[in-house]
Structure formats: C-alpha cells, structure tokens
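Numbering that gives the first Met the number 0 puts the first residue of the sequence shown at 0, with every later residue one more than the last.
Built from N, CA and C at the ideal position, the CB exists for glycine as well.
No experiment lies behind these values; they were computed from the predicted model shown.
Heads up, the thing below is written out as structure tokens.
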Amino acid sequence: MFRSLPNMLQGIPADIWITIFEALDEPSHLAQVVLTCCKFNQLGSKILLRYVLWTREDPARRNLVHWQSVHNNFLFLPRRLKIDLSFDGLLFPESMMFHVSDEILLYRQPRLRALQSTHATPSPANGLYDTVVQQISKFTMLEELILTRIPITPVIYQLVASLPKLRFLEIRCCIFVNQDPLALTPLLETNNASSITHLVLWENAPSREQPSPGIATHLLHRLAGSSLRSLTITWCSSSSLLFGTRRWQLPNLKQLELHVALLTRDLTDSAVEFVNNCTANPRVSLHVNKYNVAVPQISSTNVPMRGLRSFRGPLPVVAVFTGSSSKVEHITLTESLEINHLLAGLERLSQNIRTLDLQLRKYDNEVLFAIHQLFPVVESVAIRFGKGALPKV
C-alpha cells in the first residue's frame with residue numbers, strides 16, 4: 000500500500016522530482032524510491048523503464064511479458080539494457096559442433112555445456128533467446144547494450160545494426176559462433192550500418208572449429224563500422240584466434256585500450272601486431288596485470304607499440320613496448336620495488352612522460368631527484384611507499 004507524500008513536500012513541482020530521480024546513479028535506488036508514496040511511484044516508474052536488466056531467467060521472462068502487454072506503449076523509453084542469461088539448453092542445427100577452448104572453460108564451463116548438436120525440437124532456451132532478440136529490436140531508442148555470457152550469433156550483428164540510437168556496446172565473457180540457434184524468428188531486413196561509437200570486448204572467445212571469416216564479414220566490422228571512436232579489448236590467446244592478422248578498416252577510431260591478464264612472449268608480438276594493423280593510428284592505453292617472461296629475455300626485448308600513450312603494469316614490461324623516442328605520456332606502475340631496481344627501470348623510459356605513479360618498498364628522496372633529471376616535462380608524480388617517511392620541512 001502506497002502512502003501519501005508528506006505535506007511539507009507537496010508543493011515541490013513534479014519536474015523538480017523528475018530531475019532528482021534522473022540524477023540517481025543506480026536504478027535499484029530509484030526502485031526503492033517509487034515504493035515510498037503514490038506520487039513518487041507515478042513520477043519514477045517511467046524513469047525506471049529506461050534501465051532494463053535481465054540477469055535471472057524467471058524475472059526476465061515476466062518482464063518480457065510486461066513489455067508485450069502493460070508496457071507496450073512505452074517501448075521508446077529504454078536507454079540502457081544489460082543481459083546476463085545463461086540460455087542453458089540452447090540448441091543449434093546438426094551441422095554446428097562446438098569445441099570450446101580450455102581457456103574459456105575455466106570460467107564458463109557450466110553455461111557452455113548445453114551448446115550441442117541435436118535433432119531435437121527447440122528447447123525453452125531457444126524460445127527465450129528468440130523472444131529476447133525480438134524485444135530488443137523494438138527498443139528503438141536504446142543507447143547502451145551490455146551482453147554478458149551469452150552466445151553471440153549472426154542475428155546479434157543484425158540486431159545491433161537495426162538500433163539507430165545505439166552508441167555503446169559491451170560484450171563480456173561471450174562466445175562468438177557463426178550460426179544462429181534453432182527456431183529463430185528472422186528480423187526485418189535493414190540496410191542500416193552500425194552506429195556504435197564505443198565498443199568493449201571483454202574475455203570473449205570463438206569456437207575452435209569455426210572457419211575464419213573474411214575481413215568484410217569479421218565480427219569487429221559487423222559490430223562496429225566507420226562510426227567507432229573507442230575500442231576496449233582484453234588480449235589473450237583466444238583474442239589472437241578471434242582477430243588474427245588483419246587490417247582494420249576503422250577510419251575514425253581515436254582510442255584503443257588493451258587489457259592483458261598474463262603477458263607472454265607470443266602475446267607481446269600479437270598485441271603489437273594488432274595495434275599496428277589499426278590503420279587510423281589511435282591513441283593506445285595498455286594495461287598489464289602480470290607477465291610470464293624471463294627477466295633476461297624481457298630486458299632484451301623491444302617491440303614498440305605504435306600510438307602508445309598510457310601504460311599501467313609492472314615496470315619491466317614498460318620498456319618492452321616503449322623506447323627513447325616513444326610518445327608514452329602516462330605511466331602507472333603496479334609493483335613495489337627497491338630504489339635501485341626502480342631507478343634502473345626508469346632510465347629506460349622515454350623523456351616525454353607527463354604523469355608518473357609508482358610504488359616503493361621504502362621511501363628515498365633519491366627518487367625525486369632522479370625523476371627531475373630523467374623526465375623534464377613531468378607534470379604529476381605520485382609515490383606510494385610501504386616504509387620510511389617524507390622529509391620534514
């Protein structure tokens with residue numbers, strides 16, 4: 000039972016409340032607000048429809064029914080949609096066989112077991128997959144779409160192209176396959192090209208057995224065309240399989256962000272090759288968590304990454320991708336070092352560095368004098384240390 004708004008708040012105009020509700024960061028917070036009184040329910044309910052979340056099967060099915068009935072006149076409201084449904088039991092035509100890479104099985108095994116070849120009739124998961132695709136196609140004002148742990152099939156490319164306002168697309172922990180599941184209702188044909196400006200590809204993988212598509216039909220070009228401005232991607236062995244050696248026709252790409260969980264010698268070469276194949280020469284940010292390369296080998300390796308402007312990771316790795324003529328400007332070091340090891344590593348870096356964030360096991364004033372000498376244009380320095388103290392003034 001909804002309560003009435005207290006008298007002291009009755010005089011506040013509706014547009015003020017709507018402005019406040021729109022400023023809430025989390026839809027879950029607004030969901031609590033609309034339960035407080037009749038007026039807030041009336042004003043806030045439509046705003047809630049801008050943020051659609053399908054992460055559990057039963058609530059998602061109920062919500063899909065609501066969009067086909069009570070919310071049918073508000074299909075223009077959704078702006079952001081996040082999907083994280085397992086689609087367990089999703090069936091494909093007999094010709095489709097899945098051989099999922101061991102790397103992806105490490106964190107996705109339970110959800111991928113159901114992907115199999117079969118003669119059986121479509122499963123409930125096939126019906127849900129079809130309903131989800133059809134419903135999204137009706138959200139014509141959708142601006143942001145996040146897909147997590149679902150099969151990315153050819154119909155998804157067509158769906159993305161059919162949404163004229165879609166600008167942000169994130170695909171996380173998904174597997175790309177080259178055939179649609181059984182009993183999928185075709186979408187209306189459209190000649191629209193993707194209008195995405197920001198694309199995030201996070202820990203995705205192809206099936207090992209699927210053929211390598213041509214450059215014109217590759218998923219990167221089918222998901223994002225000439226409108227793409229920013230690309231974020233995790234780089235691992237499956238990324239190499241997914242992208243290979245290609246020339247990327249993304250003429251307006253301005254920002255490229257690479258995340259590497261465990262850097263190896265092979266991944267070093269493939270990441271540099273991937274960046275060099277981006278013909279638009281974007282500004283590159285590189286994030287490395289750990290590395291699995293022997294110290295003598297990494298010290299003697301130098302494969303400059305074109306366009307690298309920002310680096311975050313262990314100090315020994317920085318010099319692998321940079322040189323004395325490098326244009327890297329921002330460096331964040333994620334390992335705590337002794338002063339002598341830190342200075343030896345800093346000496347190998349470019350003089351163009353403007354911001355530097357580093358870690359010391361024990362503070363020493365010598366690091367400030369070294370930074371002043373090595374990096375004449377530095378503008379910001381942050382030093383995190385475990386022992387010692389700053390000098391008293």
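Cβ contact annotation for lysine 137 (same chain, cutoff 7 angstroms, sequence separation greater than five): Leu74, in chain order. For tyrosine 156, the enclosing alpha helix (DSSP H) begins and ends at 153-161.
Taking 7 angstroms as the cut-off, the beta carbon of glutamine 358 is found closer than this to the beta carbon of arginine 383. Taking the CA atoms as reference points, methionine 140 sits about 33 angstroms from proline 92.
By alpha-carbon distance to leucine 90, the top candidate from Arg78, Pro58, Arg61, Ala124 is Ala124.
In the three-state DSSP reduction, glutamine 358 falls in the strand class (E or B). Boundaries of the alpha helix (DSSP H) harbouring tryptophan 66: 56-66, taken from the DSSP string. Contact annotation, leucine 146 with arginine 60: C-beta distance approximately 18 angstroms; criterion of less than 8 angstroms not satisfied.
Here the C-alpha atom of leucine 255 lies approximately 17 angstroms from the C-alpha atom of threonine 331. Counting along the chain, threonine 130 sits inside the alpha helix (DSSP H) bounded by residues 123-135.
Around leucine 165, the same chain offers Leu141, Glu142, Leu144, Val159, Ser194, Ile195 as residues with beta carbons nearer than 7 angstroms, after the five sequence neighbours per side are excluded. Counted as a single uninterrupted DSSP element, the beta strand (DSSP E) harbouring valine 259 occupies residues 254-262. Secondary structure at histidine 70: coil, using DSSP grouped into helix, strand and coil. Less than 7 angstroms separates the beta-carbon of leucine 307 from that of valine 283. Rounded to the nearest whole angstrom, the CA to CA distance from tyrosine 156 to arginine 221 is 6 angstroms. CA-to-CA, the gap between tryptophan 201 and histidine 340 works out to about 33 angstroms. Setting aside the 5 residues that flank it on each side, asparagine 288 is surrounded in the same chain by Ala260, each with a C-beta closer than 6 angstroms to its C-beta; the list follows chain order. Around the beta carbon of cysteine 173, 16 or more other beta carbons sit within 10 angstroms, so the residue counts as buried. CA-CA distance, valine 376 to arginine 353, rounds to 6 angstroms. By the criterion of a C-beta distance shorter than 6 angstroms, threonine 231 is surrounded in its chain by Val199, Glu256, once the five residues flanking it on both sides are discounted. For leucine 186, same chain residues with a beta-carbon under 8 angstroms away, outside a window of 5 residues either side, are Val132, Gln133, Ser136, Val154, Gln157, Leu158, Ser161 in chain order.
For asparagine 339, the enclosing alpha helix (DSSP H) begins and ends at 338-345.
In the three-state reduction of the DSSP assignment, threonine 231 falls in the strand class, which pools E and B. The beta carbons of serine 225 and proline 250 sit about 6 angstroms from each other, so the pair counts as a contact at 8 angstroms. Shown here, serine 379 sits in a strand according to DSSP, grouped into three states. In the three-state reduction of the DSSP assignment, lysine 81 falls in the strand class, which pools E and B. Within the same chain, and ignoring the five residues on either side of glutamate 337 in sequence, the residues whose Cβ sits closer than 6 angstroms to its Cβ are Arg360.
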